[in-house]
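*Asks:* Structure below; questions to follow.
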Amino acid sequence: MLHSLSHSHVCFSAVTRLHTHTISPSIPSSSVLVRTLAAPINPADINTVQGTYGSKQVMTSLIGTSEPCAVPGNEGVFEVVSTGDPSSSLEKGDWVIPAAQQIGTWRTHAVFGADDVLKIEKESLTPAQVATVSINPCTAYRILRDYGPSAGLKSGLPIRPLELGSGEWFIQNGANSGVGRAAIQFGKLWGLRSINVIRDRDTREETEALRKELVGLGADAVVTESQFLSRQWKDQLAELTRGGREQIGLGLNCVGGKSATALARSLGPGASLVSYGGMSKQPVALPLGLLIFQDLRFVGFWLSKWNQKDPVGRKHMIDDILNLMRLGHFKDVPVDEMPWNWDTDETALREAVQGTLKGFRKGKGVFLFGDT
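Below is the structure:
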């Protein structure tokens, strides 16, 4: 017997439910039976359940529900229990992550196509580290590589690896997010300097503690949203960049609204503002003069689309990030663990998911599977 959280596209709290069903021990030769070890709760998963995400899950009755549904979760790590083909490259005990989009990770067990999972070398890694590697760190990795200050059109090529040690600046809002933390660390490793905008905490002490934490990851400057949107920001920025002689070549936006506009105004000529999220749910307003006179480029980035275009590059990227973790050069995001055992009830699981919609959290919500 196994458990799955399932949903249909209506009000989130009304449709997520725990479903118990069985899997036949005889699986197709092209398939693999897996046990879930860990699965994060990402904002995009909530958007998928709400039906507002860029891709929709296919509703079916394959897990035996009375009406068509889907299993949420786009990220996680599984342990191979058995394979349908004895000659498969996968073996019992191997760790795998989703290779396919919207595979549905919020479940204790699953049967996937062998081509829909990607084997990971698990040595010196925890399930939580592997489960959280394929979205946020990869988004930061790709944006810095593809749009960083030394990338792209400067070489006459659409994409170019970053020139290590260039020492140029990037600026980002949502710096405490999973993508933000990853960007800070990659930037430090690759010779870039970062200005990082965070939301003001409830107390000055909490804000200072977060600032110190991000500086510890490699942030060069950390400012609060209120400082960033104040009239004094222009002078602060000039002080950081030697009177503007050191240009900011890239902005990372996951907030939108006034914060995105302020990012754009902070960029140097020819820079790019890359939007990968919109937490404020406010539109991005961009002064026309920045387009005409500053020659700025405004683009969106969706990792899922990049993954589809370059699955081999995705594998190399994930291996690179996991190796940095093994070496101690990259810290995974803090997590807020939600144990999922055989006797865990539906209410606890739903509350864990609902918690991602609240304000400040101690870490990313992650289901950690025990006795299932």
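In terms of UniProt numbering, the sequence shown has 322 at position 322, counting the first letter as 1, and numbering is strictly consecutive.
All residues carry an ideal CB built from backbone N, CA and C; glycine is no exception.
Over the uninterrupted alpha helix (DSSP H) stretch that includes I292, give me the two end residues.
*Replies:* The sequence position of residue 292 within the sequence shown is 292, counting from 1. Counting along the chain, the alpha helix (DSSP H) containing I292 begins and ends at 288-292.
*Asks:* In three-state terms, what does DSSP make of N253?
*Replies:* For the purposes of this step, residue 253 is taken as the residue at position 253 of the sequence shown. Three-state DSSP puts N253 in a strand.
*Asks:* Compute the Euclidean distance between the alpha carbons of L157 and L144, then round it to the nearest angstrom.
*Replies:* Stepping through the sequence shown from its first residue, residue 157 is reached at position 157. Stepping through the sequence shown from its first residue, residue 144 is reached at position 144. Any reading at L157 needs caution, since the residue's pLDDT is 35, under 50, leaving its predicted position unreliable; the model's value is listed next. Looking at the two C-alpha atoms, the distance is approximately 16 Å.
*Asks:* Assign A28 to one of two classes, buried (16 or more other C-beta atoms within 10 Å of its C-beta) or exposed (fewer than that).
*Replies:* By 1-based counting over the sequence shown, the position of residue 28 is 28. Ala is not the amino acid found at residue 28; the sequence shown has Pro there. When all chains shown are included, P28 counts as exposed.
*Asks:* For E213, I'd like the list of residues in its chain whose CB is within less than 6 Å of its CB, leaving aside the five on either flank, ordered along the chain.
*Replies:* On the sequence shown, residue 213 is found 213 positions in, with the first residue counted as 1. Result list for E213: empty, nothing under 6 Å.
*Asks:* Residue ranges of each beta strand (DSSP E) run of no fewer than 3 residues wholly in the stretch 60-106, ordered along the chain?
*Replies:* The beta strand (DSSP E) runs of length 3 or more contained entirely in the stretch 60-106 are, from start to end of the chain, 77-83, 95-98.
*Asks:* Applying the criterion that 16 or more other CB atoms from any shown protein chain within 10 Å of the CB defines a buried residue, is D94 buried or exposed?
*Replies:* By one-based count along the sequence shown, residue 94 stands at place 94. The residue is buried, with at least 16 neighbouring Cβ atoms inside 10 Å.
*Asks:* In the DSSP assignment, find the beta strand (DSSP E) that holds T36 and state where it starts and stops.
*Replies:* Translated into the one-based positions of the sequence shown, residue 36 becomes position 36. Per DSSP, T36 is one residue of the beta strand (DSSP E) stretching across 31-40.
*Asks:* Tell me the rounded alpha-carbon separation between H109 and A70.
*Replies:* Here the question's residue 109 lines up with position 109 in the sequence shown. Here the question's residue 70 lines up with position 70 in the sequence shown. A straight line joining the alpha-carbon of H109 with that of A70 spans about 14 Å.
*Asks:* With DSSP run on the structure shown, which of helix, strand or coil describes H329?
*Replies:* Position 329 of the sequence shown, counting from 1, holds the residue named residue 329. Of the three classes helix, strand and coil, the one that applies to H329 here is coil, per DSSP.
*Asks:* Note the first and the last residue of the continuous alpha helix (DSSP H) segment covering K56.
*Replies:* Looking up residue 56 in the sequence shown gives position 56. Neither: K56 is in no alpha helix (DSSP H) and is coded neither H nor E.
*Asks:* Can you list, in chain order, the residues of its chain with a C-beta nearer than 8 Å to that of S55? Leave out the 5 residues immediately preceding and following it.
*Replies:* Your numbering for residue 55 matches position 55 in the sequence shown. Here the set comprises T48, Q101, Q102, S304.
*Asks:* Under a three-way DSSP split, which group does S194 fall into?
*Replies:* Position 194 of the sequence shown holds residue 194. Here S194 sits in strand by DSSP.
*Asks:* Check whether the stretch 225-245 and the stretch 203-212 touch, using three or more Cβ-Cβ pairs below 8 Å as the test.
*Replies:* Because the criterion of three Cβ pairs below 8 Å is not met, the stretch 225-245 and the stretch 203-212 do not touch.
*Asks:* Give the straight-line distance between the Cα atoms of E239 and W233, rounded to the nearest whole angstrom.
*Replies:* For the purposes of this step, residue 239 is identified with residue 239 of the sequence shown, where counting begins at 1. For the purposes of this step, residue 233 is identified with residue 233 of the sequence shown, where counting begins at 1. Distance between the alpha carbons of E239 and W233: 10 Å.
*Asks:* Would you please state the rounded distance, in angstroms, between the beta carbons of A175 and Y141? I believe it to be under 8 Å.
*Replies:* For the purposes of this step, residue 175 is taken as the residue at position 175 of the sequence shown. For the purposes of this step, residue 141 is taken as the residue at position 141 of the sequence shown. About 16 Å separates the two Cβ atoms, so there is no contact after all.
*Asks:* For R211, which residues of its own chain have a beta-carbon under 6 Å away from its beta-carbon, when the five flanking residues on both sides are left out?
*Replies:* Sequence index remark: in the sequence shown, residue 211 carries index 211 (1-based). Closer than 6 Å at the Cβ level, and outside the excluded window around R211, lie V222.
*Asks:* Assuming the contact rule is C-beta atoms closer than 8 Å, S134 and I184 should be a hit. Round their C-beta distance to whole Å, please.
*Replies:* Along the sequence shown, one-based indexing puts residue 134 at 134. Along the sequence shown, one-based indexing puts residue 184 at 184. About 19 Å separates the two Cβ atoms, so there is no contact after all.
*Asks:* Out of I46, G84, P43, I63, which one is the CA nearest neighbour of S26?
*Replies:* The count along the sequence shown starts at 1 and reaches residue 26 at position 26. Comparing Cα positions, the closest option is G84.
*Asks:* Here's a check: name, in chain order, each residue in its chain whose Cβ is nearer than 8 Å to the Cβ of Q236, leaving out the five neighbours to either side.
*Replies:* Within the sequence shown, residue 236 is the residue found at index 236, counting from 1. If we look at Q236 and ignore the five residues flanking it on each side, its Cβ neighbours are V223, Q227.
*Asks:* Ordered along the chain, which non-local residues of its own chain (more than five positions away) have a Cβ less than 7 Å from that of K258?
*Replies:* Residue numbering aside, residue 258 sits at position 258 when the sequence shown is read from its first letter. L229.
*Asks:* With Q172 as the anchor, note down where its beta strand (DSSP E) starts and where it stops.
*Replies:* Position 172 of the sequence shown, counted from the start, is the residue given in the question as residue 172. Q172: member of the beta strand (DSSP E) spanning 169-172, first to last residue.
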